[in-house]
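Colleague:
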Amino acid sequence: MIRQDFNFTLPGLGRPKSTRPERIGEAVLQELSVLLRQEARDARLARVAFSRAQVTPDLKQAKVWFTVPEGFNATEVLKALRKAGGFFRSHLARTLNMRCTPELLFFHDRQNEEMERIERLFREINQEQKTEDSGESE
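Residues 11 to 148 (this note's numbering) make up the sequence shown, in order.
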């Protein structure tokens with residue numbers, strides 16, 4: 011009988027995880043953020059911020075997440091980012107000096123919106139508990 015939970019890899023053996031995709035992801039994020047602030051002319055991109063970037067291990071694609079302020083249409087921003095994707099990529103090709111510039115894939119980062127929603131729910135629960143506590147003390 012073979013144990014399924016046994017780890018057959020020995021410490022120190024095998025190929026260590028490369029940090030190059032992480033480093034390139036950080037460089038992509040920084041360059042795109044600067045480029046967005048200095049060069050983007052599209053009004054839909056006025057208050058957009060890039061939150062994170064993840065590059066695939068083969069360095070062929072970069073997933074870039076963006077946030078938009080409340081009241082902005084994320085779908086329109088996504089269209090504008092895709093339209094400007096070639097401009098962004100050509101800038102990255104010049105500045106990052108890589109053999110192959112990663113394809114840029116943009117995604118709306120809803121993490122902040124979810125955090126705000128959860129905080130709002132906690133505030134409502136807290137307010138309800140205060141109301142119940144003040145009603146019982148009378």
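Glycine residues also receive a C-beta, built at the ideal position from the N, C-alpha and C atoms.
Could you check if Pro112 is buried or exposed, using at least 16 other CB atoms within 10 Å of its CB as the buried criterion?
Modeller: It counts as buried.
Colleague: Have a look at Glu138, Ser144, Gln137 and Phe76 and flag the residue whose alpha-carbon is nearest the alpha-carbon of Leu115.
Modeller: The option with the nearest alpha carbon to Leu115 is Phe76.
Colleague: What is the DSSP secondary structure of Glu49, reduced to helix, strand or coil?
Modeller: Note: Glu49 maps to coil in three-state DSSP.
Colleague: To which residues of the same chain is Ser61 closer than 7 Å at the C-beta, ignoring the five residues directly before and after it?
Modeller: Hits under 7 Å: Trp75, Phe76, Thr77 and Asp119.
Colleague: Return helix, strand or coil for Ala94, following the three-state DSSP convention.
Modeller: Reduced to three states, the DSSP call for Ala94 is coil.
Colleague: According to the Cβ coordinates, are Gly35 and Gln71 closer than 7 Å?
Modeller: No, they are not a contact pair.
Colleague: From which residue to which residue does the beta strand (DSSP E) around Ala59 run?
Modeller: Ala59 to Val65 is the extent of the beta strand (DSSP E) around Ala59.
Colleague: Give the C-beta separation of Arg54 and Val87 to the nearest angstrom, bearing in mind that I take them to be a contact with Cβ-Cβ under 8 Å.
Modeller: The pair is a contact, with the Cβ atoms about 5 Å apart (cut-off 8 Å).
Colleague: Residues in the same chain with beta-carbon distance under 8 Å from Glu32, minus the five sequence neighbours each way, listed in chain order, please.
Modeller: Here the set comprises Val65.
Colleague: Between which two residues does the beta strand (DSSP E) harbouring Ala56 extend?
Modeller: It is not in any beta strand (DSSP E) - Ala56 carries neither H nor E in the DSSP assignment.
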